[in-house]
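> Residue numbers (this note's numbering), protein chains in the order written: chain A, 1 to 236; chain B, 1001 to 1236. No residue lacks a Cβ here, since even glycine has one placed at the ideal position from N, Cα and C.
1) Consider the Cβ of residue 86 of chain A: report whether some Cβ of chain B lies at a distance smaller than 9 Å.
2) List, in chain order, every chain B residue whose beta-carbon is nearer than 7 Å to that of residue 69 of chain A.
3) Mind checking which residues open and close the alpha helix (DSSP H) that includes residue 18 of chain A?
4) Whose Cβ in chain A lies nearer than 8 Å to the Cβ of residue 1130 of chain B?
5) What residue range does the beta strand (DSSP E) around residue 265 of chain A cover?
6) Any Cβ of chain B within less than 9 Å of the Cβ of residue 19 of chain A?
7) Less than 9 Å between the beta carbons of residue 1045 of chain B and residue 1027 of chain B, yes or no?
8) Does residue 1047 of chain B come within less than 9 Å of chain A when only Cβ atoms are used?
9) Roughly how many angstroms lie between the CA atoms of residue 1063 of chain B and residue 236 of chain A, to the nearest whole one?
10) Please report whether the beta-carbon of residue 1066 of chain B lies at a distance below 9 Å from any beta-carbon of chain A.
11) Should the segment 53-67 of chain A be regarded as contacting the segment 169-180 of chain A, the criterion being three or more beta carbon pairs within less than 8 Å?
12) Where does the unbroken beta strand (DSSP E) through residue 1202 of chain B begin, and where does it stop?
13) CB residue 1196 of chain B to CB residue 1206 of chain B, shorter than 9 Å?
14) Whole angstroms is fine: what's the gap from residue 1017 of chain B's alpha carbon to residue 1011 of chain B's?
15) Examine chain A for any beta-carbon lying closer than 9 Å to the beta-carbon of residue 1058 of chain B, and answer yes or no.
16) With a threshold of 16 other CB atoms inside 10 Å of the CB of residue 1154 of chain B, please say whether the residue is buried or exposed.
17) Does the beta carbon of residue 1055 of chain B sit closer than 9 Å to a beta carbon anywhere in chain A?
18) Against residue 50 of chain A, what residues of chain B qualify as contacts under a CB-to-CB distance less than 8 Å, listed in chain order?
19) Just curious, the alpha helix (DSSP H) that residue 1044 of chain B is in, first and last residue?
20) Please list the terminal residues of the continuous beta strand (DSSP E) segment that includes residue 29 of chain A.
21) Are the C-beta atoms of residue 1161 of chain B and some chain A residue less than 9 Å apart?
22) Out of A/97, A/102, A/121, which has the shortest C-alpha to C-alpha gap to residue 85 of chain A?
23) Please work out which residues of its chain come closer than 8 Å, Cβ to Cβ, to residue 150 of chain A, disregarding the five sequence neighbours upstream and downstream, and give them in chain order.
24) Please say whether residue 115 of chain A and residue 39 of chain A have beta carbons closer to each other than 9 Å?
25) Could you compute how far the alpha carbon of residue 161 of chain A sits from the alpha carbon of residue 1226 of chain B?
26) Step through the CB atoms of chain B and report whether any lies within less than 9 Å of the CB of residue 221 of chain A.
27) Quick one: is residue 232 of chain A buried, meaning 16 or more other Cβ sit within 10 Å of its Cβ, or exposed?
28) Identify which residue in B/1230, B/1228, B/1212 has its Cα closest to the Cα of residue 1078 of chain B.
29) Give me the DSSP bridge partner(s) of residue 194 of chain A.
30) When DSSP labels each residue in this structure, what does residue 219 of chain A get in the three-state scheme?
31) Buried or exposed, going by whether 16 or more other CB atoms sit within 10 Å of the CB of residue 1059 of chain B?
32) For residue 141 of chain A, name the three-state secondary structure that DSSP assigns.
33) Extract the residue ranges of the alpha helix (DSSP H) inside the segment 91-135 of chain A, only unbroken runs of 4 or more that lie entirely within it.
34) Counting only beta-carbon separations shorter than 9 Å, does residue 1113 of chain B have a partner in chain E?
35) Beta-carbon of residue 1113 of chain B versus every beta-carbon of chain A: anything under 9 Å?
36) Quick one: is residue 214 of chain A buried, meaning 16 or more other Cβ sit within 10 Å of its Cβ, or exposed?
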């Protein structure tokens, strides 16, 4: 008789089996579902992820200054990038969300996915120690880091989006603040970024308007690159 | 015949002996001295320090939210706090500085000391592995974390300073930008924070005006608490 481990497929995808599965369960629990949620683990995971990516970049790019390394790391650990990795791991399938979040598609929301991935990494560190976390982070990031075009990655997303649009003779994107929640310093801004001529838009949240705009720009640029891999675009 | 290790006393104070002393040497070299300076190591050290302090706070304060943990960590890893630890280690005595920095007292400057401490921690991680870095960080921070009053520590420095002054019927502090160097995003602001009635002031640098003001406020508050441990103050 085989025993089904919690999130067995996810643990296989991560290449790590938890000794204390309750830590994994907590890492996959959004605050909308239960008071034993993943935010404290996310704090720990954010720490170890940033440290490990810093070390990997230090070794991979011996010619880069601290400022360049820092910009490059921001590219790899930003919400958008983490959400892509979480999606590849199908992490959304294992999330425990409250009813509201479930109905509004929370298991596909980039912020929820990125936070849960960080929480899972934090849980692995606490469960299996540093080498376990290092092995998983290496497996998830090493190829991405080896293949990156550093110049592209170090440009901020708003600049890259602007350059992409200008190269196609399109107007600058439009940024709008959709919502502003909470009070400083825990404020959350939700902004949209729209390319009017192509009728494409993105939304993102951030702890500052600028951060949210960067996220939204990066996300729209990704959509645009998928939709129009070449130089030709179709105005709508 | 005894061989004098580089910075032998510092290595003893850290409780860590380097296998590759050139890493320690680099960690102690300011950019004003040589092109093989400590900024890349500082990037790595900042990462591991943040991760380790995150884990320690996670275990020490199981009741705290992610936001509280994050504010508490900011208190322990901010420039001012790191500069104090660096001073206790007499790290300034081992720094290689350029002539200009030497003349202007660079080996006592909080930003240089804090950066060098982070670089040393990064060098220990690279030289001796995770457990070595964890042991040193634990030794430097565990007692401070155990003894902290979290409520005080989580308040931002400007708020704490304002409260201290108001409790003594003094006016609000005055913040002035003294210098603004470099270009965005590598800008450095130097600000002063002055309590006019007590004729006491502090200076600090930061990558934003707000960050510099926070540093300066924290530094002035520390001076004020030393000078006036009780409620009574002497206007000058």
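Well, looking at it:
1) The sequence position of residue 86 of chain A within the first chain is 86, counting from 1. By the rule that beta-carbons nearer than 9 Å mark a contact, residue 86 of chain A does not touch chain B.
2) Within the first chain, numbered from 1, the residue matching residue 69 of chain A stands at position 69. Within chain B, the residues near residue 69 of chain A are 1040, 1043.
3) By one-based count along the first chain, residue 18 of chain A stands at place 18. Per DSSP, residue 18 of chain A lies in no alpha helix (DSSP H) segment and is marked neither H nor E.
4) For the purposes of this step, residue 1130 of chain B is taken as the residue at position 130 of the second chain. In chain order: 130, 131, 134.
5) Coverage of chain A is limited to positions 1 through 236, which leaves residue 265 of chain A absent and any answer about it impossible.
6) Within the first chain, residue 19 of chain A is the residue found at index 19, counting from 1. No, its Cβ sits nowhere closer than 9 Å to a Cβ of chain B.
7) In the second chain, the residue the question calls residue 1045 of chain B occupies position 45. In the second chain, the residue the question calls residue 1027 of chain B occupies position 27. At the C-beta level, residue 1045 of chain B and residue 1027 of chain B come within 9 Å of one another.
8) Taking the second chain and counting its residues from 1, the one referred to as residue 1047 of chain B is at position 47. Taking 9 Å as the CB threshold, residue 1047 of chain B lines the interface with chain A.
9) In the second chain, the residue the question calls residue 1063 of chain B occupies position 63. In the first chain, the residue the question calls residue 236 of chain A occupies position 236. Spanning the two alpha carbons is a distance of roughly 53 Å.
10) The count along the second chain starts at 1 and reaches residue 1066 of chain B at position 66. Answer yes: the Cβ-Cβ gap between residue 1066 of chain B and chain A drops below 9 Å somewhere.
11) Too few Cβ pairs lie closer than 8 Å, so no.
12) If you number the second chain from 1, residue 1202 of chain B lands on position 202. Segment 1200-1206, the beta strand (DSSP E) holding residue 1202 of chain B.
13) For this step, residue 1196 of chain B is matched to residue 196 along the second chain. For this step, residue 1206 of chain B is matched to residue 206 along the second chain. The answer is no: Cβ separation not under 9 Å.
14) Residue numbering aside, residue 1017 of chain B sits at position 17 when the second chain is read from its first letter. Residue numbering aside, residue 1011 of chain B sits at position 11 when the second chain is read from its first letter. Residue 1017 of chain B and residue 1011 of chain B have their C-alpha atoms spaced approximately 6 Å apart.
15) Here residue 1058 of chain B refers to the residue found at position 58 when the second chain is read from its first residue. Yes, its Cβ sits closer than 9 Å to a Cβ of chain A.
16) In the second chain, residue 1154 of chain B corresponds to position 154, counting from 1. Under a 10 Å Cβ-count criterion, residue 1154 of chain B is classified as buried, with 16 or more other Cβ atoms of the shown protein chains found around its own Cβ.
17) Counting from one through the second chain, the residue named residue 1055 of chain B turns up at place 55. Yes, its Cβ sits closer than 9 Å to a Cβ of chain A.
18) Walking along the first chain from the start, residue 50 of chain A turns up at place 50. Close partners of residue 50 of chain A in chain B (Cβ separation under 8 Å): 1047, 1050, 1051.
19) Numbered from its first residue, the second chain carries residue 1044 of chain B at position 44. First-last of the alpha helix (DSSP H) with residue 1044 of chain B: 1039-1060.
20) The residue labelled residue 29 of chain A in the question sits at position 29 within the first chain. Premise fails: residue 29 of chain A is in no beta strand (DSSP E) and is neither H nor E.
21) In the second chain, the residue the question calls residue 1161 of chain B occupies position 161. No, residue 1161 of chain B lies away from the interface with chain A (no Cβ there is under 9 Å from its Cβ).
22) Here residue 85 of chain A refers to the residue found at position 85 when the first chain is read from its first residue. Taking only the C-alpha atoms, the option nearest residue 85 of chain A is A/121.
23) In the first chain, residue 150 of chain A corresponds to position 150, counting from 1. Correct list, in chain order: 61, 64, 68, 72.
24) As a position in the first chain, residue 39 of chain A is number 39, starting the count at 1. As a position in the first chain, residue 115 of chain A is number 115, starting the count at 1. Judged by beta-carbon spacing, residue 115 of chain A lies within the 9 Å limit of residue 39 of chain A, meaning their Cβ atoms are closer than that value.
25) Numbered from 1 along the first chain, position 161 holds the residue referred to as residue 161 of chain A. Numbered from 1 along the second chain, position 226 holds the residue referred to as residue 1226 of chain B. If you draw a straight line from the Cα of residue 161 of chain A to the Cα of residue 1226 of chain B, it comes to about 52 Å.
26) For the purposes of this step, residue 221 of chain A is identified with residue 221 of the first chain, where counting begins at 1. With 9 Å as the cut-off, residue 221 of chain A does not count as an interface residue toward chain B.
27) Numbered from 1 along the first chain, position 232 holds the residue referred to as residue 232 of chain A. Classification for residue 232 of chain A: exposed.
28) Along the second chain, read from residue 1 onward, the residue named residue 1078 of chain B stands at position 78. Of the candidates B/1230, B/1228, B/1212, the one whose C-alpha sits nearest the C-alpha of residue 1078 of chain B is B/1212.
29) Within the first chain, the letter at position 194 stands for residue 194 of chain A. Bridge partners of residue 194 of chain A: A/174, A/201.
30) Position 219 of the first chain, counting from 1, holds the residue named residue 219 of chain A. Of the three classes helix, strand and coil, the one that applies to residue 219 of chain A here is helix, per DSSP.
31) Position 59 of the second chain, counted from the first residue, corresponds to residue 1059 of chain B. Within 10 angstroms of the beta-carbon of residue 1059 of chain B lie fewer than 16 other beta-carbons, which makes it exposed.
32) To locate residue 141 of chain A, count along the first chain from 1; it is residue 141. Residue state, collapsed to three classes: helix.
33) Positions of the alpha helix (DSSP H) runs, each at least 4 residues long and wholly inside the segment 91-135 of chain A, are given as 99-103, 110-128 in order along the chain.
34) Given the protein chain composition of this structure (A and B), no chain E is represented.
35) In the second chain, counting from the first residue as 1, residue 1113 of chain B sits at position 113. Chain A, which has no Cβ nearer than 9 Å to the Cβ of residue 1113 of chain B, makes this no.
36) Reading the first chain from its first residue, position 214 is the one you call residue 214 of chain A. Per the 10 Å Cβ criterion, buried.
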